[in-house]
Each structure stands twice: as C-alpha cells, then as structure tokens.
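Read in order, the letters of the sequence shown correspond to residues 983 to 1362 in the working numbering.
From the three backbone atoms N, C-alpha and C, an ideal C-beta is built for every residue, glycine too.
I have placed the structure first, in the form of structure tokens, so that the comments after it can refer back to it.
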Amino acid sequence: MAAAAVAGGELVVAAAGGKKRGASRSWILFDAAGEERVLDADKYAIMHRVDINARDLRILDPLLSYPSTILGRERAIVLNLEHIKAIITAEEVLLRDPLDDNVIPVVEELRRRLAPSSATQHDVEGAEEDESPFEFRALEVTLEAICSFLGARTTELESAAYPALDELTSKISSRNLDRVRKLKSGMTRLNARVQKVRDELEQLLDDDDDMADLYLSRKLAGAVSPVSGSGGPNWFPASPTIGSKISRASRASAATVHGNENDVEELEMLLEAYFMQIDGTLNKLTTLREYIDDTEDYINIQLDNHRNQLIQLELFLSSGTVCLSLYSLVAGIFGMNIPYTWNDNHGYIFKWVVLVSGLFCAFMFVTIVAYARHKGLVGS
C-alpha cells in the first residue's frame, strides 16, 4: 500500500518498500475543507471516485494526444488543458502529475485559492459571505494558469523572434535563415495550442447547455434538496468530506437553484474573461506571424533584386563577348596564312585594321546596352 503526506508545503509520495512511485500515476486531491492529499490510484479507483467513464478518463492520459477539452458531466468536470489535467467535482479537485515542473505552480495556486474563507473569518458576516461555487474557483485557477502559461510562452517567443527577424533583414545568411525557420516552426506549434484552448472556450460560450452542465453545485443541491437532513448522497461513497459539506454546497448555489436553472451568467462572465485573455495571446501570435510574413516578403524582394542584378551583369558580359568575338573574327581573317598580293608592302594597314575593328566593336557594345535600357531590360 502507498502512503502520502504533505510536509512543509512539499508533496511526498512513498510506496511499500521505500520505493518512490512515478509521478505519471499520482494525483493530488484538494477538497472544499482545505485539505489536500496525494493519491497513487489506478484508473478504476479514480473512475469510481468521481463517477466518470473510461473514455473521459482517457482524455487525461499523458501518453495520448488529445486537444484541449472541458467536459461537463453529471457529477464532475473533466479538464484537459495542455499540461493541466484535472477532474473537478463539487467538493474536490483531482490534479494529475503534481510533481511535474509545469504543474507545480498550479498546485501552489490551488492550495492558496481553494482554502475556505471561513478559516480566517469567524464573524457572522464573513460566514454568510456570498462566494462562487467550489468548482468555479477550481476552474478559474486552471484557466488562469493555462492562460498565464501560454502568455509567457508567447512573450518568450516574441523576445526571441523580433531581434532575429531584424537581424535577418539587415544580413541574409544561412545562420539567420535557419534561426528564423526554427522560430517560425515554434510559433506555428504554439499558435495551434493557443487556438485549441480558444476554440474550446468559444464552444462553451456559444452553448448555454454546455455551460449549465458545469454547475455541479446546482445539480448537487437539486439532487439532495428533496432528502435534506438524511445525510450525503450514496452516489459519492469514496469522498470522505462530501457528507459534511452538503449544506455548504447547497448554500453556495442557493441563489441559482431557486432562480432560473438555465442562468449561466456567472460562469459566462468567468469564461468570457479568460476567453478575452487567450484571444489577446492569439492576437499577439497573429501579429508575430504577420511580421514574419512581411519579413519574408522583404527578403524575397531583396533576393529578386539580386537576381535581377545578376541578369543585368550577365547581359553586359554576353554583349561584350559578342563584340570581342567580331574583333577576333577580323584578327582570324587577317591572320590566315593564305598568299594574296595586297598583303605585301602594306604594313601601315595593320594599325588601321586594329583601330577600325576596335571602334566598331565598342560602338556595337554601346548600341546593345542603349537598346536594352531603352526597352527597360536593364536599369538606368
């Protein structure tokens, strides 16, 4: 049997024989009473505890790749947001892999935010203070954590991408091109992750029924109100605190139970706030993508300009080669060893042949270049 304890704010998981169990199988549990425990339970125990089926629990498997999901079930919220994989009930939060580096800040925030307010307030007014249901406070912590995480990753990407793009603009090299390629690949992956979270929040906001499914305290209070005073419901036998906290859950959702059961304004405001935050992160990534696209267009324009300059140089060299070939033709004709009478006693003709041939070739080269500029084939 495994034993777990929380000492000095640190999570300790111990197994029989003194061997530590892997974090991939462990869960940390927070309840509405402010207590926390580390569980090392298999999937069947978790399914029985929170009353969900296997396919819902499969979404939280770290070895499988599932998109960001927030599912409302009869007695639980199944939440998969990047590295945050949790099951939220009206009285408990089960968070997977509490020893993961990215999950530890979420654990600390849950420990701070889910502490009951009555622990520090003993007056009547404090005890009657209206507060959000337990599941909404837990959901808010996870949404805030994932929005902050993705926002921090976006800020890191921006701080690395903009200088790299500016450096590439000033100097096109293989090193700078490879650096920007890696940054663009990372931006594409991060953009897809942010888009998945945003789409999930948008889907929830667009469907009142889906949001109503997340009101666990309302459904719990509605289920126990006909038999109030008879104890906790028998569908939650694995929770040691559910029986003692039924009345608190009923009071927390009394306003919504006695009002309109389809009223989802409180949750809608909560989701809308984080939807705007994640949408702002997505806008930053969109702006970065546009900046990368503009830089690529600028680089392509520069490369096209260099290619045009090379074509112009090739045209000049080809024109000069043609003119020199004519000069070589004249030299070849007069250099042939063929006897003819006017080759004797006419040595002064040599300089005239050289001069006239050179001037004709130069004139021909200038004519070709002028014609090319007149037709716009080369720059002025």
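{"Asked": "Enclosing alpha helix (DSSP H) for residue 1039 [first to last residue]", "Found": "1036-1040"}
{"Asked": "Exposure label - residue 943; buried when at least 16 CB within 10 Å", "Found": "The chain is shown only over 983 to 1362; residue 943 falls outside these bounds and no answer can be derived."}
{"Asked": "Distance between beta carbons of residue 1118 and residue 1249, contact taken as under 8 Å", "Found": "7 Å"}
{"Asked": "Where residue 1250 falls: helix, strand or coil (DSSP)", "Found": "helix"}
{"Asked": "C-beta atoms of residue 1058 and residue 1033 nearer than 9 Å", "Found": "yes"}
{"Asked": "Which listed residue (1301, 1022, 1340, 1194) has its alpha carbon closest to that of residue 1054", "Found": "1194"}
{"Asked": "Same chain only: Cβ atoms within 6 Å of residue 1092, ignoring 5 sequence neighbours per side", "Found": "1012, 1123"}
{"Asked": "Proximal residues to residue 1094 (C-beta, below 6 Å), its chain only, five neighbours per side dropped", "Found": "none"}
{"Asked": "Validate contact between the segment 1175-1191 and the segment 1149-1165 using beta carbons, cut 8 Å, 3 pairs", "Found": "no"}
{"Asked": "Status (buried if at least 16 other CB within 10 Å, exposed otherwise) for residue 1283", "Found": "exposed"}
{"Asked": "Of the listed residues 1056, 1029, 1067, 1256, nearest to residue 1041 (C-alpha basis)", "Found": "1067"}
{"Asked": "Rounded distance between the beta-carbons of residue 1039 and residue 1029, thought under 8 Å", "Found": "6 Å"}
{"Asked": "Beta-carbon proximity of residue 1277 to residue 1081, cut-off 9 Å", "Found": "no"}
{"Asked": "Option in 1126, 1302, 1174 with minimal Cα separation from residue 1089", "Found": "1126"}
{"Asked": "Residue 1069 in three-state terms, based on DSSP", "Found": "strand"}
{"Asked": "Burial state of residue 1291 (16 or more Cβ within 10 Å)", "Found": "exposed"}
{"Asked": "Same chain only: Cβ atoms within 7 Å of residue 1070, ignoring 5 sequence neighbours per side", "Found": "1058, 1059, 1061, 1117, 1120, 1121"}
{"Asked": "Sequence-distant residues of the same chain with beta carbon closer than 8 Å to residue 1356, five excluded per side", "Found": "none"}
{"Asked": "Span of the alpha helix (DSSP H) around residue 1180", "Found": "1156-1187"}
{"Asked": "Short Cβ contact (9 Å threshold) for residue 1269 with residue 1176", "Found": "no"}
{"Asked": "Opening and closing residue of the alpha helix (DSSP H) in which residue 1095 lies", "Found": "1086-1095"}
{"Asked": "Cβ neighbours of residue 1343 in the same chain (closer than 8 Å, five flanking residues each side left out)", "Found": "1305, 1306, 1308, 1309"}
{"Asked": "Pick from 1045, 1079, 1037, 1072 that is closest to residue 1203, judged by C-alpha positions", "Found": "1072"}
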